[in-house]
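A quick write-up on the structure given underneath.
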Amino acid sequence: MRVRVEFTTEPFHGEDDDVPAHVTAAADALREAGLAPDLGPLGTSVDGEAEAVVPAVADAMRAALAGGATRMTLTLSDLAAPTEHGVAPATAGGRRTQPVGQPTDLSDGLARLIAAVEVELGSPLADLPRAGKQQAVRLLEERGAFEMRRSAETVAEAMGLTRFTVYNYLNRVREPAEPPAG
């Protein structure tokens, strides 16, 4: 059976914005097993025969933990059994881990980051005043949310803003502070 495993590891940032050591360790473990992992902005994926992929991913998870990962999210799909969304439901030990009809993708990490900021600020992002939305963008940037593909659009939707407004807030966060005059 051919499967695809997609996973994210956290934290999302390494030192000096390099790829985190735990991401490299996981990818190296997959390569050592003869697989070709695809490292993307939203996570890592690997396809192959289940007999090879499953044990290699277990080794990759151990390597990621040893390399400093604090959280991992994994989806395993049977490539021959698409659902209405074109992705097989995730399972663990024969139990469904994803509700039927719910697509799984690697944006789960972004959803968790948004939820954490909402809890921290005490309100859904859409209900925050302008200053609160700017603070939320700063917090999300500090946590690596905007390193993910299409994250600005997702955050904009959650805030009830245009992506251009989110980019403006983000540019203000990223601008270096001006040195004091004099």
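When you line the sequence shown up against my numbering, it's residues 2 to 183, in that order. Don't be surprised by glycine CBs; every beta carbon is placed ideally from N, CA and C.
Does the beta-carbon of residue 49 have 16 or more other beta-carbons within 10 angstroms, so that it is buried, or is it exposed?
For the purposes of this step, residue 49 is taken as residue 48 along the sequence shown, with counting starting at 1. Residue 49 is buried by the Cβ-count criterion.
Go through its chain and collect everything with a Cβ distance to residue 75's Cβ below 6 Å, but skip five positions before and after it.
Here residue 75 is taken as the residue at index 74 of the sequence shown, counted from 1. Its chain contains 8 as the residues whose beta carbon lies nearer than 6 Å to that of residue 75, once the 5 sequence neighbours on both sides are disregarded; these appear in chain order.
C-beta contact flag for residue 129 and residue 115 at 8 Å:
On the sequence shown, position 128 is the one that residue 129 refers to. On the sequence shown, position 114 is the one that residue 115 refers to. No, they are not a contact pair.
Please classify residue 2 as buried or exposed, where buried requires at least 16 other C-beta atoms within 10 Å of its C-beta.
In the sequence shown, counting from the first residue as 1, residue 2 sits at position 1. Sixteen is the threshold: since fewer than 16 other Cβ atoms of the shown chains lie within 10 Å of the Cβ of residue 2, the residue is exposed.
Among the residues of its own chain, which have a CB less than 6 Å from the CB of residue 64, if the five just before and after it don't count?
Within the sequence shown, residue 64 is the residue found at index 63, counting from 1. Excluding five sequence positions before and after residue 64, the CB atoms of its chain that fall closer than 6 Å to its own CB belong to 26, 27, 30, given in chain order.
For residue 154, collect the residues of the same chain with a Cβ closer than 7 Å to its Cβ; drop the 5 residues on either side in sequence, then sort them by chain order.
On the sequence shown, position 153 is the one that residue 154 refers to. Answer for residue 154: 164, listed in chain order.
At the level of alpha carbons, what is the spacing between residue 23 and residue 175?
Here residue 23 is taken as the residue at index 22 of the sequence shown, counted from 1. Here residue 175 is taken as the residue at index 174 of the sequence shown, counted from 1. The alpha-carbon of residue 23 is positioned some 26 Å away from that of residue 175.
So, for residue 144: in the same chain, excluding its five sequence neighbours on each side, which residues have a beta-carbon less than 6 Å away from its beta-carbon?
The residue given as residue 144 occupies position 143 in the sequence shown. Excluding sequence neighbours, residue 144 sits near 114.
Name the residue from 33, 46, 151 whose alpha carbon lies nearest to the alpha carbon of residue 80.
Looking up residue 80 in the sequence shown gives position 79. Ranking 33, 46, 151 by Cα distance to residue 80 puts 46 first.
Sorted by chain position, which residues of the same chain lie with C-beta nearer than 6 Å to residue 39's C-beta, five sequence neighbours on each side aside?
Reading the sequence shown from its first residue, position 38 is the one you call residue 39. Counting only Cβ-Cβ distances below 6 Å, and skipping sequence neighbours, we find 46.
With distances taken Cα to Cα, identify the nearest neighbour of residue 136 among 152, 171, 70, 149.
One-based indexing of the sequence shown puts residue 136 at position 135. Each of 152, 171, 70, 149 was checked against the Cα of residue 136, and the nearest Cα belongs to 171.
If you follow the beta strand (DSSP E) that residue 9 is in, where does it begin and where does it stop?
The sequence position of residue 9 within the sequence shown is 8, counting from 1. Counting along the chain, the beta strand (DSSP E) containing residue 9 begins and ends at 3 to 11.
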